[in-house]
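**Q**
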Amino acid sequence: MNIHEYQAKELLHSFGVKVTRGHVAHTVIEAEQAAIKLGCKNWIVKAQIHAGGRGKGGGVKFARTLAEVSEQTERMLGMNLVTHQTGKAGKLVQKVYIQEAYDIGKEYYLGIVLDRRLEMPVIMVSTEGGVDIETVAAETPEKIIKVGIDPVIGLRSYHLRKLAYGLNLNKAQMKEFSRFIPPLYDAYQKTDASLVEINPLVLLKNGEFIALDAKLNFDDNGLYRHPEIADMRDETEEDAAELEAAHYDLSYVKLDGNVGCIVNGAGLAMSTMDIIKQSGGEPANFLDVGGNASAETVARGFDLILRDKNVKAILVNIFGGIVRCDRIAKGILEAAREIHVHVPVIVRLDGTNAKEAGEILQEANIKEIIIAHDMREGAQLAVQAAKGDR
Ligand code: GDP
Ligand code: MN
């Protein structure tokens with residue numbers, strides 16, 4: 528799960544991380560009140576959307592007067608902000624963050640993520656702050672310094688020294704840096720975050736470090752432990768179909784191909800996508816209906832997948848371990864009738880009661896439903912059907 532910058536800053540502040548002073552505003556009046564409350568000389572007005580790169584897209588603006596705060600807020604609210612992270616469609620700006628403007632000495636990059644290869648969290652820093660870190664990683668990877676933190680040992684001063692040396696900090700800066708990082712790492716761990724990104728981390732003219740921007744992602748599986756974070760969810764920022772799937776406990780990710788897939792189990796779902804590709808096709812989605820596939824979940828799967836107009840065929844690939852294939856077969860028939868499935872549906876059912884399932888499907892004699900005897904045949908039939916030759 529993703530949250531907005533202003534929420535991330537509030538959360539980090541509660542852990543003792545130094546963040547910018549600022550308030551969220553939903554209207555021009557709220558923005559002016561926020562600016563007055565801050566009592567500073569200059570402000571920054573920042574569009575709040577779940578995407579970065581706002582600065583370049585016109586979503587981060589300097590304001591010298593209260594009138595400019597109002598002007599910029601008025602311009603941003605309701606604007607469709609396009610950045611390199613939003614895609615062409617852009618994102619609607621529904622709130623802004625009114626922030627005190629700071630005198631920047633230098634901008635750095637800082638990120639904390641789980642490195643699955645190292646099997647531990649890593650803290651990454653770079654002197655190339657404020658810019659696209661992906662570009663730095665691609666063009667000058669030596670400018671990114673990484674330190675793995677073994678969770679058994681925890682964050683130690685030698686980790687901090689290694690990062691600080693990498694940034695060429697002097698003694699006084701190093702001391703400030705060593706104060707800034709621990710509460711941030713603490714927040715990463717205690718909130719079950721999957722990503723903490725401070726870009727830029729700023730060294731102010733007065734010698735202090737401060738988080739000028741903040742991005743937090745959370746592991747959804749840990750959210751039940753943090754109801755206060757789960758409450759920060761802003762569903763208007765998320766993909767509608769993926770959101771609905773999540774409400775039904777289905778893992779759905781939309782992709783660009785034309786072969787829809789309904790599968791039980793994440794591993795089987797991934798191998799189904801692989802075999803579709805090997806058969807010369809492109810999957811339209813990842814969909815794991817879960818270990819307890821039922822007639823209902825299959826019907827919801829059809830419903831979700833068919834909203835995508837690219838889908839030209841659907842491959843149902845279900846292995847009956849705990850679930851019984853004959854029940855699934857009945858579910859498929861019901862769903863196909865109810866939802867008016869108008870594309871070919873290739874069904875591969877194997878495992879418990881697979882034989883009965885085959886008979887049920889055959890007897891129903893629905894022209895859209897094609898029975899496959901194994902996974903490869905299923906994938907090939909689905910790819911052919913999507914190409915229009917069956
Ligand atoms: P992003 O473009 O979505 O990543 O938004 P950021 O919060 O990172 O802001 C973009 C840029 O605006 C930063 O890299 C800074 O250069 C600039 N900026 C943001 N806040 C301030 C501020 O308080 N003072 C100054 N001088 N620049 C700022
Ligand atoms: Mn940023």
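Heads up: the sequence shown begins at 528 in the working numbering, then just goes up one per residue. Glycine included, every Cβ here is placed at the ideal spot set by N, Cα and C. All values derive from a computational prediction rather than experimental measurement.
1. On the three-state DSSP scale, how would you describe Y775?
2. For G794, which of A767, G817 and D901 has the nearest alpha-carbon?
3. For L619, which of Q612, T613, I625 and M606 has the nearest alpha-carbon?
4. Give the single residue among G566, M759, V652 and Q621 whose Cα lies nearest to the Cα of K673.
5. Can you give me the C-alpha to C-alpha distance between Q599 and L608, rounded to a whole angstrom?
6. Specify whether the stretch 528-546 and the stretch 700-717 touch according to this definition: at least 3 beta carbon pairs, one from each stretch, less than 8 Å apart.
7. Tell me whether P678 sits in a helix, a strand or coil according to DSSP, three-state version.
8. Given a cut-off of 8 Å, decide if A840 and A909 are closer than it, judged by their beta-carbon atoms.
9. Give the single residue among I556, N726, D901 and G905 whose Cα lies nearest to the Cα of G580.
10. Label F589 either buried or exposed according to how many other C-beta atoms from any shown protein chain fall within 10 Å of its C-beta, with 16 as the threshold for buried.
11. Compute the minimum distance between the beta carbon of Q621 and the heavy atoms of the ligand GDP, and state whether it is under 7 Å.
12. Could you tell me which uninterrupted alpha helix (DSSP H) segments, each at least 4 residues in length, are contained entirely in the stretch 749-815, listed from first to last along the chain?
13. What number of angstroms, rounded off, separates the C-alpha of V723 from the C-alpha of Q911?
14. Given 8 Å as the limit, is there contact between the stretch 802-820 and the stretch 847-862, that is, 3 or more CB pairs closer than that?
15. Is it a yes or a no for the stretch 630-644 touching the stretch 560-570, going by three-plus beta-carbon pairs under 8 Å?
16. Drop a sphere of 10 angstroms on the beta-carbon of A616, count the other beta-carbons inside from all chains shown, and report buried for 16 or more, exposed for fewer.
17. Ends of the beta strand (DSSP E) at Y635?
18. Quick check: is any heavy atom of the ligand MN less than 7 Å from the C-beta of N744?
19. Look at the alpha carbon of Y751 and the alpha carbon of D776, and state the distance between them as a whole number of angstroms.
20. Quick check on DSSP: helix, strand or coil for F745?
21. Just reading off the beta strand (DSSP E) that G648 is part of, what are its end residues?
22. Using the Cα positions of A884 and D783, report the straight-line distance between them to the nearest angstrom.
23. For Q612, collect the residues of the same chain with a Cβ closer than 8 Å to its Cβ; drop the 5 residues on either side in sequence, then sort them by chain order.
24. Should G905 go down as buried or exposed, given a rule of 16 or more other Cβ atoms within 10 Å for buried?
25. With a threshold of 8 Å on Cβ separation, who are the neighbours of E666 within its own chain once the five nearest residues in sequence on each side are excluded?
26. What's the gap between the Cα of N880 and the Cα of R851?
27. Please classify Q805 as buried or exposed, where buried requires at least 16 other C-beta atoms within 10 Å of its C-beta.
28. Is it buried or exposed, Y533, if we count other Cβ atoms within 10 angstroms and call 16 or more buried?
29. CB-CB under 7 Å to V623, same chain, minus the five flanking residues each way: which ones, in chain order?
**A** So, from the listed chains and residues:
1. Per DSSP, reduced to three states, the secondary structure at Y775 is coil, with no helix or strand assignment.
2. Closest by C-alpha distance to G794, out of A767, G817 and D901, is G817.
3. Ranked by how close their Cα comes to the Cα of L619, the residues Q612, T613, I625 and M606 have M606 in first place.
4. Ranking G566, M759, V652 and Q621 by Cα distance to K673 puts V652 first.
5. One alpha carbon belongs to Q599, the other to L608, and they sit about 13 Å apart.
6. Counting Cβ pairs under 8 Å, three or more are found: they touch.
7. Coil at P678, not helix or strand.
8. For A909 and A840, yes; Cβs fall inside 8 Å.
9. Relative to G580, the option among I556, N726, D901 and G905 whose CA is nearest is N726.
10. Its Cβ having fewer than 16 others within 10 Å, F589 is exposed.
11. No, the Cβ of Q621 stays beyond 7 Å of every heavy atom of the ligand GDP.
12. As summarised for the stretch 749-815, the continuous alpha helix (DSSP H) elements at least 4 residues long and confined to that stretch are 754-757, 767-774 and 793-805, given in chain order.
13. Computed Cα separation, rounded: 44 Å.
14. The stretch 802-820 and the stretch 847-862 touch, with no fewer than 3 CB-CB distances between them shorter than 8 Å.
15. Under the three-pair Cβ rule at 8 Å, the stretch 630-644 does not count as touching the stretch 560-570.
16. Exposed: under 16 other Cβ atoms inside 10 Å.
17. I631 to D642 is the extent of the beta strand (DSSP E) around Y635.
18. Checking the Cβ of N744 against the ligand MN gives no.
19. Cα to Cα, Y751 sits roughly 14 Å from D776.
20. In the three-state DSSP reduction, F745 falls in the strand class (E or B).
21. For the sequence presented, residue 648 should be read as Pro rather than Gly. DSSP places P648 in the uninterrupted beta strand (DSSP E) bounded by M647 to S653.
22. The C-alpha of D783 is placed about 31 Å away from the C-alpha of A884.
23. Taking Q612 as the centre and dropping the five residues before and after it, the same chain places the C-beta of A578, G579 and G580 closer than 8 Å to its C-beta, in chain order.
24. G905 is buried by the Cβ-count criterion.
25. Nothing listed; no residue qualifies.
26. Approximately 6 Å, taken between the alpha carbons.
27. Classification of Q805: exposed, given that the 10 Å Cβ count is below 16.
28. By the neighbour-count criterion, in which 16 or more other beta carbons inside 10 Å mark a residue as buried, Y533 falls on the buried side.
29. Closer than 7 Å at the Cβ level, and outside the excluded window around V623, lie A552, A558, V572, K573, A574, Q575, T600, M603 and L604.
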